[in-house]
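For the protein sequence lines, the chains are A and B, in the order given. Sequential numbering of the first sequence, starting at 47, is according to my numbering. Sequential numbering of the second sequence, starting at 47, is according to my numbering. C-beta: ideal position from N, C-alpha, C; glycine also. A quick note: this is a predicted structure, and the numbers were derived from the prediction, not measured. Worksheet: one structure, shown below.
Number of protein chains: 2
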Amino acid sequence: MSQRFGERVRTALRTRGPLCVGIDPHAALLAAWGLTDDAQGVREFGLRTVEAASGAVGVVKPQVSFFERFGSQGIAALEDVLAAARAAGLIVIADAKRGDIGSTMDDYARAWLTPGTPLEADALTVNPFLGVGALDGAFALAEQHGKGLFVLAATSNPEAEGLQRSTGATGSTVSASIISEVSARNEASARNAASSTAGEWGSFGFVIGATVDWAAAGIAPFAPAAPILAPGFGAQGAEPADLRPRFGEMADAVIASESRSILSAGPADLAEAISTRSAEYLEVAGV
Amino acid sequence: MSQRFGERVRTALRTRGPLCVGIDPHAALLAAWGLTDDAQGVREFGLRTVEAASGAVGVVKPQVSFFERFGSQGIAALEDVLAAARAAGLIVIADAKRGDIGSTMDDYARAWLTPGTPLEADALTVNPFLGVGALDGAFALAEQHGKGLFVLAATSNPEAEGLQRSTGATGSTVSASIISEVSARNEASARNAASSTAGEWGSFGFVIGATVDWAAAGIAPFAPAAPILAPGFGAQGAEPADLRPRFGEMADAVIASESRSILSAGPADLAEAISTRSAEYLEVAGV
């Protein structure tokens, strides 16, 4: 069996640095790139971004809604983009934020994390509103196939504070409880894996916004280490220099996701924009 | 402009009764129906269910994950099922539980709620983990097109209790806060609509499990009235006779969703199973 997902991410971050290129073909960017506002446009956008990212970063993150907008044709375009990205050796996180229970959740996991399926990605973002336990089928499936999950834990948008900072019976915030429940699964997974080594990263990561105030969110550094997908770099205000001050001892586990800030360079200058930005991250990451 | 979504549901429940047929082509049911475990199988399953439901109930609810499992071809099958259901005059709730922020959320809403798009449904289930406010673009889009949304509020699966019963700064549970925030939007929507009449139902409904204990969940009957999509009838344990005891004064707003309990009748007996079950609901609903 190949390297587990958490370790694949660790290797990618060490060798390529933290920058993750978001693939977000929304209408305004399609227009700016001179592409049509249809499935062919998002396919072209995605493939060009994959080409520009290839070799320059370790991770890309296609945003599913921008493809889903065009129905099955948009999803077919996404399949091509996922396949191209994986063929280029990029780690592909499908940002779909799926969340359900039982066999329904299982089939979302099957759609995105089964080897050989048309939508195969390396990892999927998932939503824990129905409980972390409701995602157990997805954790099991990911583990079985060496794939990863990123569980929404603490987001930086102000509308989320009321819910995510609510407190449960133990006094922990919703965000803290999610991190604790997922970490327990990373721990169990390491115990169960014959091939696991001490200090190995878990394959069940988190989405934690780059501008989240950890103390206010009631969250703290956690163990075992697991990848943190951090949107909010670039257009949303966080800069490479913020990585260590904001994430402290967890900084090495951060996948810094940028979309608009990079994609707005346009197709001709995209590869250069990615390389330049990636170098800025590599400098602060001390790779 | 045609009738707003909330009123369409009210009319459908009054004339057809509360039963909603879930369209859940998971692998076990495909096998039981003698259908192939692929996109053609889920298309066939969906179309046959629509045919059997047509005229017998007012509402159907395709479960998106069972189609998404087959990638773009599965989504193409879903497009055919959605179109057939809408052509048959059924109210179609796409159970996709999408949830995101900003332009990403907007594009999910566009995918499912824009007239003329391949995935057009009458309403979409959405996930409020990123905050009810993060869904505002979707509320606006739904309103613009006479469509509906069902916001996950209180689900009956035990894994959800920790999160959904956490309490915020005001002491309300997460579930109660969601209902209050969405109800405020129904109120504002009624105020803004020139055509609105007193007592009109809101178009932004809720998902509340049939077996949820309202007191334990910290929720109470709410106003303005809005449709309640209630999974948990049938295989999960709630019966038509439970409708009034469980939902009390809100019982008339309940869309009682059943899937496995009905679908397991198989294709030959499906129409009769739906009619029989619908009659049981009509009796208790006093239509």
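Item                                                                                                                                                                                          : Value
Checking the sheet assignment: what are the DSSP bridge partners for residue 144 of chain B?                                                                                                  : B:172
Is residue 222 of chain A buried or exposed, if buried means 16 or more other CB atoms sit within 10 Å of its CB?                                                                             : buried
Of the choices B:328, B:329, B:307, B:271, whose alpha-carbon is the least far from that of residue 319 of chain B?                                                                           : B:307
Can you give me, in chain order, the residues of the region 204-218 of chain A that have a beta carbon less than 7 Å from any beta carbon in chain B?                                         : 205, 206, 208, 209, 212, 213, 214
Can you check whether the C-beta of residue 86 of chain A is within less than 7 Å of a C-beta belonging to chain B?                                                                           : no
Taking the Cβ atom as the reference point for each residue, do residue 367 of chain B and residue 85 of chain B lie within a distance shorter than 7 Å?                                       : Beyond the ends of chain B as shown, which are 47 and 333, falls residue 367 of chain B; an answer cannot be given.
Just the C-alpha distance for residue 89 of chain B and residue 57 of chain B, rounded to the nearest angstrom, thanks.                                                                       : 29 Å
Leaving out five residues on either side along the sequence, give the residues of the same chain with a beta carbon under 7 Å from the beta carbon of residue 64 of chain A.                  : 289, 300, 301, 302, 327, 331
Between residue 184 of chain A and residue 195 of chain A, which are expected to be in contact by the criterion C-beta below 8 Å, what is the C-beta distance as a whole number of angstroms? : 6 Å
Please report whether the beta-carbon of residue 193 of chain A lies at a distance below 7 Å from any beta-carbon of chain B.                                                                 : no
Could you check if residue 269 of chain A is buried or exposed, using at least 16 other CB atoms within 10 Å of its CB as the buried criterion?                                               : exposed
For the beta strand (DSSP E) containing residue 197 of chain B, list its first residue and its last residue.                                                                                  : 194-200
Report yes or no: is there a C-beta of chain A within less than 7 Å of the C-beta of residue 146 of chain B?                                                                                  : yes
I need the DSSP call for residue 271 of chain A, collapsed to helix, strand or coil.                                                                                                          : coil
Pairs of beta-carbons, one from the region 145-165 of chain A and one from the region 213-220 of chain B, closer than 8 Å: are there three or more?                                           : no
Under the rule that 16 or more other beta-carbon atoms within 10 Å means buried, what is residue 261 of chain A, buried or exposed?                                                           : exposed
Which first and last residues belong to the beta strand (DSSP E) in which residue 303 of chain B is found?                                                                                    : 300-304
How many Å lie between residue 233 of chain A and residue 225 of chain A at the Cα?                                                                                                           : 12 Å
Along the chain, where does the alpha helix (DSSP H) containing residue 320 of chain B start, and where does it finish?                                                                       : 316-331
Would you tell me roughly how many angstroms separate the C-alpha atoms of residue 198 of chain A and residue 191 of chain B, rounded to the nearest one?                                     : 30 Å
Could you check which residue in B:68, B:61, B:51, B:62 has the C-alpha nearest to that of residue 276 of chain B?                                                                            : B:68
Residues in the region 281-311 of chain A with C-beta within 9 Å of chain D's C-beta atoms, listed in sequence order?                                                                         : Looking at the structure shown, chain D is missing, and the protein chains on hand are A and B.
Tell me the rounded alpha-carbon separation between residue 245 of chain B and residue 52 of chain B.                                                                                         : 11 Å
Compile a chain-ordered list of the residues in the region 113-128 of chain B whose CB is closer than 7 Å to at least one CB of chain A.                                                      : 114, 115, 117, 118, 121, 122, 125
What in chain A is Cβ-close to residue 154 of chain B, meaning under 7 Å?                                                                                                                     : 111, 114
Is the region 95-106 of chain A touching the region 140-149 of chain B in the sense that three or more CB pairs, one from each, lie closer than 8 Å?                                          : no
Would you mind reading off the limits of the beta strand (DSSP E) that contains residue 65 of chain A?                                                                                        : 65-69
For residue 219 of chain B, name the three-state secondary structure that DSSP assigns.                                                                                                       : strand
Would you say residue 198 of chain B reaches chain A, if we count a Cβ-Cβ gap shorter than 7 Å as a contact?                                                                                  : yes
Which partner residues does residue 213 of chain B have in the DSSP bridge list?                                                                                                              : A:213, B:219
Give me the subset of the region 159-178 of chain B whose CB atoms are less than 8 Å from a CB atom of chain A, sorted by chain position.                                                     : 163, 164, 165, 173, 174, 175, 176, 177, 178
So residue 143 of chain B contacts chain A; which residues on that side make the cut at Cβ distance below 7 Å?                                                                                : 145, 146
May I ask which residues mark the beginning and end of the beta strand (DSSP E) holding residue 108 of chain A?                                                                               : 105-108
Considering only the beta carbon of each residue, do residue 105 of chain A and residue 200 of chain A sit closer than 7 Å?                                                                   : no
Output the boundary residues of the beta strand (DSSP E) element that contains residue 251 of chain A.                                                                                        : 250-254
Please list the partners that residue 33 of chain B has in chain A, where partner means a Cβ-to-Cβ separation under 7 Å.                                                                      : Residue 33 of chain B is absent from the model: chain B starts at 47 and stops at 333.
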